[in-house]
Amino acid sequence: MSSSSPSLLSRRSTSELDLPVPPEFRCPISLELMRDPVVGPTGITYDRAGIEAWLLAAGAGKTAAASSTCPVTKGDLRADDLVPNHALRRVIQAWCVANRCRGVERIPTPRVPVTPAQAGEVLGEVEAAARAGDAARCVAAVREVGRLARESDRDRRCLASAGAARALAAAVASFAAASDSASASASSVLLDDVLAALVLVMPLDEEAIVAIGSSAASVALLANAGLVPSLVELLIDGDRSTAEKALAALDATLASEAGRARARADALAVPVLVKKMFRVSDTATELVVSALHRICKKWHDGDDDEVGSPAARRSAVVEAVQVGAFQKVMMLLQVGCRDATKEKATELLKLMIKYETRGGAHCIDAMDFRGLKRVS
Numbered sequence: 001m002s003s004s005s006p007s008l009l010s011r012r013s014t015s016e017l018d019l020p021v022p023p024e025f026r027c028p029i030s031l032e033l034m035r036d037p038v039v040g041p042t043g044i045t046y047d048r049a050g051i052e053a054w055l056l057a058a059g060a061g062k063t064a065a066a067s068s069t070c071p072v073t074k075g076d077l078r079a080d081d082l083v084p085n086h087a088l089r090r091v092i093q094a095w096c097v098a099n100r101c102r103g104v105e106r107i108p109t110p111r112v113p114v115t116p117a118q119a120g121e122v123l124g125e126v127e128a129a130a131r132a133g134d135a136a137r138c139v140a141a142v143r144e145v146g147r148l149a150r151e152s153d154r155d156r157r158c159l160a161s162a163g164a165a166r167a168l169a170a171a172v173a174s175f176a177a178a179s180d181s182a183s184a185s186a187s188s189v190l191l192d193d194v195l196a197a198l199v200l201v202m203p204l205d206e207e208a209i210v211a212i213g214s215s216a217a218s219v220a221l222l223a224n225a226g227l228v229p230s231l232v233e234l235l236i237d238g239d240r241s242t243a244e245k246a247l248a249a250l251d252a253t254l255a256s257e258a259g260r261a262r263a264r265a266d267a268l269a270v271p272v273l274v275k276k277m278f279r280v281s282d283t284a285t286e287l288v289v290s291a292l293h294r295i296c297k298k299w300h301d302g303d304d305d306e307v308g309s310p311a312a313r314r315s316a317v318v319e320a321v322q323v324g325a326f327q328k329v330m331m332l333l334q335v336g337c338r339d340a341t342k343e344k345a346t347e348l349l350k351l352m353i354k355y356e357t358r359g360g361a362h363c364i365d366a367m368d369f370r371g372l373k374r375v376s
């Protein structure tokens, strides 16, 4: 049973119980009854939640007091050093059972979290199966990754740190180009499981993005599977690092027709992209321009539009104007940017003017047009 299972002690503080709790049962950090006692090389036992929060705060530099040391002895201590104190846990559980009549419920046996070694092992299985071209074996390994990532935030972080995104992205790239029907069917099943697991270990790092972007087939498959909405969701509340990585992955996905179609059909894609201009970083702003350029541009000269409704692209351009893209792109050109970004931004402006003159939008005033003349 998971340590997060409800019990009386999770709803009622031990200080509220008409019962003295033995001091050796209390966590030195929270001073509450320990539910998952763990001990490190310093010999001090803590409740897992308390000591991991202490060490996590140390790693993030969130508090001046926290450090990667034992709070009691000040000796070196890492999360990987912690091991379950089974003997003490059993004594605590026996004490809870003995005092059930006084309002104490037995603490469930906690689930042991994933270790870096275990995370590396399961991700290694994903990569080995992908290299061998064994779709069934890869599906089983990917599902195990997804199961572990759903167990707890700690397990998800452990898998992410071990390179889960890179392993999953590489698996997609390995099977994306399947041509025969049997292989294509197996790849489709694999893709569904990979996407489910990939979203759990977001954001993608550079290696994962390269693995996806290096294969046109994998980009198209992920676009069809719904990676675009997932990346847009990440942009809404993500920090700078998350936003930049999500934008890079989104830009790579929009290189495919399926990706652009998904973005044009997503009600949040264009508004969120425009909103992120100048709000994250220079790199993010350039990625936004690239993404908007991919969404709004006509990519086939022979036809009015690529696969799908021509109106979808035109609607995306109009929507971009309505949510302020014209003014922001103008500002970008005025303050300066790289040549490649400048070229895309200029083409975006021309597209927005084109649909304004056709009566497609009414959000560009005369001052904006004067500014465009100065830029060109």
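The opening residue of the sequence shown carries number 1 in full-length UniProt numbering; numbering runs sequentially from there.
Heads up, the beta-carbon is just placed ideally off N, CA and C, and yes, glycines get one too.
- By alpha-carbon distance to residue 354, the top candidate from 318, 328 and 228 is 318.
- Here residue 79 has 52 and 55 as same chain residues with Cβ atoms under 7 Å from its own Cβ, once five neighbours each way along the sequence are excluded.
- Beta-bridge analysis with DSSP links residue 39 to 45 and 83.
- Comparing alpha carbon positions, the residue from 311, 244, 237 and 283 closest to residue 261 is 311.
- Secondary structure of residue 134 (DSSP, three-state): coil.
- DSSP places residue 69 within a strand segment (E or B) once states are collapsed to three.
- Distances from the alpha-carbon of residue 342 to those of 231, 168 and 330 put 330 closest.
- Residue 266: not part of any alpha helix (DSSP H); DSSP gives it neither H nor E.
- For residue 76, the three-state secondary structure derived from DSSP is strand.
- Inclusion of residue 197 and residue 145 in the CB contact set at 8 Å is warranted, their separation being smaller than that value.
- When beta bridges are read from the DSSP output, residue 33 appears opposite 26.
- Between the alpha carbons of residue 246 and residue 347 lies a distance of about 24 Å.
- Residue burial annotation: residue 86 is exposed, with fewer than 16 other C-beta atoms found within 10 angstroms of its C-beta.
- The closest CA to that of residue 71, considering only 106, 29 and 93, is found on 29.
- Rounded to the nearest whole angstrom, the C-alpha separation of residue 84 and residue 57 is 21 Å.
- For residue 230, the uninterrupted alpha helix (DSSP H) run begins and ends at 227 to 237, by DSSP.
- With respect to the 8 Å criterion, residue 26 and residue 33 are classified as neighbours on the basis of their beta carbons.
- Shown here, residue 255 sits in coil according to DSSP, grouped into three states, outside any helix or strand.
- Taking all protein chains in view, the Cβ of residue 23 is surrounded by fewer than 16 other Cβ atoms within 10 Å, so the residue is classified as exposed.
- For the 8 Å CB-CB criterion, residue 252 and residue 292 do not form a contact.
- A contact between stretches requires three or more CB pairs, one per stretch, nearer than 8 Å, and the region 111 to 124 meets this requirement with the region 149 to 164.
- Shown here for residue 38: same chain residues with a beta carbon closer than 8 Å to its own, the five before and five after excluded, namely 45, 46, 47, 48, 51, 82, 83, 84 and 85 in chain order.
- Per DSSP, residue 298 lies in no alpha helix (DSSP H) segment and is marked neither H nor E.
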